[in-house]
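Engineer: Structure incoming, see below.
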Amino acid sequence: MDVFEIVTDSGTQEGIIKLQKAVDFESKRAYTLRVEASNVNVDPHFFAWGPFKDTATVKVTVEDEDEPPVFTASGYNFEVEENAPEETIVGRVHAKDTDMANKPIRYMIPRYTDLERFFSIDPEYGIIRTTRPLDRESLPWHNISVSAIEIGGHHQDAKVRVNIKVRDVNDNAPELASQNEILLCENTLDVMMFPLCSLSQMIEIISALDKDEMASHQHFHFSISPEVTGKQNFTVKDNRNSTASLYVTRKDFSRTTQDVYHLPIKISDSGSPPMSSTSTVILRVCSCDARETILSCNAQHFILPAGLSMGALIAILACIVILLAIVVLFVALHRQKNEPLMVFKEEDIRENIITYDDEGGGEADTEAFDIATLQNPDGANGFLPRKDMKPELQYPVQQRPEQATSNVDVNCFIRNHLCDVDNDPNAPPYDSIQVYGYEGQGSVAGSLSSLETTMNDSDLNYDYLQIWGPPFKKLADLYGTKDSVNNKL
């Protein structure tokens, strides 16, 4: 049986039973062993007392162990027809619990083996079904796994590989094997070149392809589509070997008249059910030399100069547009740079310059002129007469200080006043310098020029200075009348 072996322990002289092969509870639950023990080193004086050995019966019982379920097959191969409807049965897997408890089994498809969920499985009976129609041309084989899990206990599970083949059906129509254009030379059929030929010349052999698996056992049939009406320039001859010959039936092809022809060809197969499609063959008329070597097939040569391609023309136009944009941008920037800040002409500018010794002075002086008066268009025509106007606001007459006399030294007075102002850190000087565009304009005091004075100082009356307010207080004190001074004295 060679399932067990027994060895002697040299130290204790005990027999040790060892397992040589794995045991299965479901196959054999118990083993009976006959063990013999003997003394190999016997004293000759005791031979008469023999024999010096003994036997015993040993019973070995195999305990049941919780094992995972076992599938009835190591792998499964199923087939399902292409485009089968949803819930079509693909096959069934079966597993059982070999333990004595014989726990129930539940089935599932691991998500990682069927990412797009093409199949579902009955968790109790293990029946695999489709969840959607399958396309053999997209995926001819599906390899999934099925897990069997026992309910209760340690939830032992087992997996098995399931291979599903999608059977092909004739659901794809044949198509042209090549979509390349067929090139024709102008005046393809020249009577001088082919004097013995009829007005028909083969120009191409066409073939078809079918995505279906059974295409290798089918034959394709070719014909010109029925919707082609009128005079036909081409004919198709079916060669009965899944190819067809394309013939041209005219000789006066010209690129100037028509450079491209579209020929619809119907292609059908012999499958069940038969499938057919219509493909378009494109024929382009080209310029050729005497040896029928193609020189040019592009229509752009009729409208472009010799040696100038469409790409070169586009590049030239793009460069011209870029140059024009640069010129327009340069002119705009130059015009913006030279544009004056004021809208007035240079010769029409009238301004005054106000200079102050200290910050904050001169707020009252900024109203000394009116810009509208300086820009009077009548002022540019010649001399404008002076108009002395008294201020509308009347200030009370202020008397001169008592120390002022008619013989006041003006020079000394100004120097003393200037010295006092310069030494005063709190109050800024009130005087300022104003430059006017026209003499006497912008000031209600009129002209103070001595050139226009025609009378003596004794004949002048400066009483009006006293009613002009604080701006002319100092002048009123300096040029006050003698009567006012005498009254104060």
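If you read the sequence shown in full-length UniProt numbering, its first letter stands for residue 1, the second for the next number, and so on. Ideal placement from N, C-alpha and C gives every residue a C-beta, glycine not left out.
Report yes if the C-beta of E137 is less than 6 Å from at least one heavy atom of the ligand NAP; otherwise report no.
Structural biologist: This structure does not include the ligand NAP; it has no bound ligands of any sort.
Engineer: Take V248 and list the residues in its own chain whose beta-carbon comes closer than 6 Å to its own, dropping the five residues that flank it on each side.
Structural biologist: T188, Q201, I203 and F234.
Engineer: If you compare alpha carbons, which of A158, A208 and E65 is closest to P110?
Structural biologist: A158
Engineer: Beta-carbon within less than 8 Å of A95's beta-carbon, same chain only, minus the 5 sequence neighbours each way: which residues are those?
Structural biologist: P69, V70, F71, T72, I105, Y107, G126, A148, A158 and V160
Engineer: Could you tell me whether the region 222 to 229 touches the region 253 to 261, where touching means 3 or more Cβ pairs closer than 8 Å?
Structural biologist: They do not touch, by the three-pair rule.
Engineer: Below 8 Å on the Cβ atoms is my contact criterion, and I expect A208 with L134 to pass it. Report the Cβ-Cβ distance as a whole number of Å.
Structural biologist: Actually they are not in contact, since the Cβ atoms of A208 and L134 sit about 25 Å apart, beyond 8 Å.
Engineer: Helix, strand or coil for W49, going by three-state DSSP, please let me know.
Structural biologist: Three-state result, W49: helix.
Engineer: If you compare alpha carbons, which of P264, I265 and I205 is closest to N241?
Structural biologist: I205
Engineer: Is DSSP giving N416 helix, strand or coil here?
Structural biologist: helix
Engineer: Would you kindly check if the distance between the Cβ of Y76 and the Cβ of V93 is under 7 Å?
Structural biologist: Yes.
Engineer: Give me the DSSP bridge partner(s) of A95.
Structural biologist: F71
Engineer: If I measure Cβ to Cβ from T131 and keep anything under 7 Å in the same chain, skipping five residues before and after, which residues do I get?
Structural biologist: The residues are E86, R117, F118, F119 and S120.
Engineer: Within 10 angstroms of the Cβ of A325, are there 16 or more other Cβ atoms? Answer buried if so, exposed if not.
Structural biologist: exposed
Engineer: Buried or exposed: where does V146 fall if 16 or more other Cβ atoms within 10 Å of its Cβ makes it buried?
Structural biologist: V146 is buried by the Cβ-count criterion.
Engineer: Hey, I265 and L183 are a contact pair by Cβ (cut 8 Å); roughly how many whole angstroms apart?
Structural biologist: Not quite, the Cβ-Cβ distance comes to about 17 Å (not below 8 Å), so this is no contact.
Engineer: Is the Cβ-Cβ distance between D168 and M214 less than 7 Å?
Structural biologist: yes
Engineer: Starting from L184 and walking both ways along the alpha helix (DSSP H), at which residues does that stretch end?
Structural biologist: Premise fails: L184 lies in the beta strand (DSSP E), I182 to C185, not in any alpha helix (DSSP H).
Engineer: Would you decide whether H142 is buried or exposed? Buried here means 16 or more other CB atoms lie within 10 Å of its CB.
Structural biologist: buried
Engineer: Let me check one thing: in DSSP terms, what residues is S276 bridge-paired to?
Structural biologist: S268
Engineer: Can you tell me which of the three DSSP states M100 falls into?
Structural biologist: coil
Engineer: Taking 7 Å as the limit between beta carbons, can you name the residues of its chain near A306, skipping five residues before and five after?
Structural biologist: The predicted model places A306 with a pLDDT of 47, which falls under 50 and marks its position as unreliable; any figure quoted below should be read in that light. None.
Engineer: Taking just the CA atoms, how far does D463 sit from D424?
Structural biologist: 31 Å
Engineer: Would you say the region 38 to 45 touches the region 3 to 23, given that touching needs at least three Cβ pairs under 8 Å?
Structural biologist: no
Engineer: Taking the C-alpha atoms as reference points, what is the distance between A476 and D422?
Structural biologist: Going from the Cα of A476 to the Cα of D422 covers about 23 Å.
Engineer: Beta-carbon separation of R250 and E181 under 7 Å?
Structural biologist: No, these two residues do not count as a Cβ contact at 7 Å.
Engineer: Since I267 and P174 should fall inside the 8 Å C-beta cutoff, what is the C-beta to C-beta distance between them, to a whole number of angstroms?
Structural biologist: 5 Å
Engineer: Where does E204 fall in DSSP's three states?
Structural biologist: strand
Engineer: Using beta-carbon positions only, say whether D98 and E26 come within less than 7 Å of one another.
Structural biologist: Correcting the residue type first, residue 98 is Thr in the shown sequence and not Asp. Closer than 7 Å, so yes.
Engineer: Keeping to the same chain, check which residues put their C-beta closer than 6 Å to that of D114; ignore five residues upstream and five downstream.
Structural biologist: I144
Engineer: Going by DSSP, name the residue or residues bridged to Y261.
Structural biologist: L283
Engineer: Excluding five sequence neighbours on each side, which residues of the same chain lie with their C-beta closer than 7 Å to the C-beta of I16?
Structural biologist: I6, V7 and D9
Engineer: So, helix, strand or coil for I314, using DSSP?
Structural biologist: helix
Engineer: With distance defined between alpha-carbon atoms, name the residue in R34, W49 and V40 nearest to T55.
Structural biologist: Residue nearest to T55 within the set R34, W49 and V40 is R34 (criterion: CA-CA distance).
Engineer: Mind checking whether R29 and V58 have CB atoms under 7 Å apart?
Structural biologist: No; because the gap between Cβ atoms is not below 7 Å, this pair is not in contact.
Engineer: For V260, collect the residues of the same chain with a Cβ closer than 6 Å to its Cβ; drop the 5 residues on either side in sequence, then sort them by chain order.
Structural biologist: R284
Engineer: Please say whether E82 and V23 have beta carbons closer to each other than 7 Å?
Structural biologist: Contact flag unset, no.
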